[in-house]
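*Asks:* Quick mapping for you: the protein sequence lines, in order, are chains A and B. Under my numbering, the first residue of the first sequence carries the number 28, and numbering increases by one thereafter. Under my numbering, the first residue of the second sequence carries the number 28, and numbering increases by one thereafter. Virtual Cβ for every residue (Gly too), placed ideally from N, Cα, C.
Number of protein chains: 2
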Amino acid sequence: MSNINEVSELRTVKIAQVVRSYVELAGHGSAGGQRSADEVAALFADNAIFESPIGGDVHRGVGAIRSAYHSMWDGREQGVNLVSLNVAGGEAAVHVQVVLSGQRVDVIDVMTFDDDAKIASLRAYFGPSNIVTL
Amino acid sequence: MSNINEVSELRTVKIAQVVRSYVELAGHGSAGGQRSADEVAALFADNAIFESPIGGDVHRGVGAIRSAYHSMWDGREQGVNLVSLNVAGGEAAVHVQVVLSGQRVDVIDVMTFDDDAKIASLRAYFGPSNIVTL
Chain A
28 MSNINEVSEL RTVKIAQVVR SYVELAGHGS AGGQRSADEV AALFADNAIF
78 ESPIGGDVHR GVGAIRSAYH SMWDGREQGV NLVSLNVAGG EAAVHVQVVL
128 SGQRVDVIDV MTFDDDAKIA SLRAYFGPSN IVTL
Chain B
28 MSNINEVSEL RTVKIAQVVR SYVELAGHGS AGGQRSADEV AALFADNAIF
78 ESPIGGDVHR GVGAIRSAYH SMWDGREQGV NLVSLNVAGG EAAVHVQVVL
128 SGQRVDVIDV MTFDDDAKIA SLRAYFGPSN IVTL
């Protein structure tokens, strides 16, 4: 029982580290977006799925996910503030505020992970009401 | 196409209303907890599932969910502040701060809904690192 708890605690720490890396890479200057897209793709499992926002296109596999991040981030400057990082039962939900192009967007990302703490799925919750013009 | 968008927008509004009702009921004085538990259970579909926190017990069906809320809320005073309400693709994620017994807990609830905008599933993300002693 104590072994299970130890593994579980280690896994929680690893998952929190991956989410923090994700949030750090998501904030970048316009020159750094391309490199951040490559590095963030490396956090995903080979067969991961990525849906942002939920209800939009679902990108399947790390190659498609890398392309999606390049489309979003190449040449784009954005700041990201971590509001709350919640890890439970080997899954994570994270509330961030993304500032770009004179807008602030409240986004809640929900992530699952494989046994190596690679991101197995990332689904982003945000809608028009979560976008504020600054 | 415009019909689909209209339905989708109406559904988004209905879902946001249900989540706001949920958050309002979650904040209550010690005398009001019991009534809030009954009223919140009425927001769930008959065959809904409730998991709080994720990794803990899963309560299946509105009867079991009603009992779970009575266990949590009867005779307990708590305040709830809405931090961010995110609706996308007919699902919702909501970041709230719950204040009770001298502690503040950042919770992210993720909900799905049936066709009548009843809650089909509610899964709550929070762990020890989300609890602050006031």
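Alpha carbon to alpha carbon, how far is Q124(A) from S57(B)?
*Replies:* 34 Å
*Asks:* DSSP three-state call for D65(B): helix, strand or coil?
*Replies:* helix
*Asks:* Within a Cβ cutoff of 6 Å, which residues of the same chain sit near L127(B), ignoring the five residues on either side of it in sequence?
*Replies:* Q105
*Asks:* Per DSSP, what kind of secondary structure is G90(A) in: helix, strand or coil?
*Replies:* helix
*Asks:* How would you label G129(B), buried or exposed, when you count the other beta carbons within 10 angstroms and need 16 or more for buried?
*Replies:* The residue in question, G129(B), is exposed, as its Cβ has fewer than 16 Cβ neighbours within 10 Å.
*Asks:* Which one of L149(B), K145(B), H97(B), A119(B) has the shortest CA to CA distance from A69(B)?
*Replies:* The candidate whose alpha carbon is nearest that of A69(B) is K145(B).
*Asks:* Under the rule that 16 or more other beta-carbon atoms within 10 Å means buried, what is N157(B), buried or exposed?
*Replies:* N157(B) is buried by the Cβ-count criterion.
*Asks:* Say whether chain B places a C-beta atom closer than 8 Å to the C-beta of Y49(A).
*Replies:* no
*Asks:* Counting along the chain, where does the beta strand (DSSP E) carrying F140(B) start and finish?
*Replies:* 130-140
*Asks:* Using a Cβ-Cβ cutoff of 8 Å, what residues of the segment 124-154 of chain A are near chain B? List them in chain order.
*Replies:* D133, V134, I135, V137, A151, Y152, F153, G154
*Asks:* Shorter than 8 Å from the beta carbon of H86(B) to some beta carbon of chain A?
*Replies:* no
*Asks:* Cβ closer than 8 Å: which chain B residues qualify as neighbours of T39(A)?
*Replies:* G154
*Asks:* May I ask you to report which of helix, strand or coil DSSP gives G116(A)?
*Replies:* coil
*Asks:* Three Cβ pairs or more, each shorter than 8 Å: is that satisfied between the segment 82-96 of chain A and the segment 106-116 of chain A?
*Replies:* Here the segment 82-96 of chain A does not lie against the segment 106-116 of chain A, with fewer than 3 beta-carbon pairs under 8 Å apart.
*Asks:* According to DSSP, simplified to helix, strand and coil, what is S224(A)?
*Replies:* This structure cannot speak to residue 224(A), because chain A is shown only from 28 to 161.
*Asks:* Please classify S111(B): is it buried, with 16 or more other beta-carbons within 10 angstroms of its beta-carbon, or exposed?
*Replies:* buried
*Asks:* Is P80(A) buried or exposed, if buried means 16 or more other CB atoms sit within 10 Å of its CB?
*Replies:* It counts as buried.
*Asks:* Strictly under 8 Å for the Cβ-Cβ distance: is N74(B) near chain A by that measure?
*Replies:* no
*Asks:* Compare the C-beta of A120(B) with all C-beta atoms of chain A and state if any pair is closer than 8 Å.
*Replies:* yes
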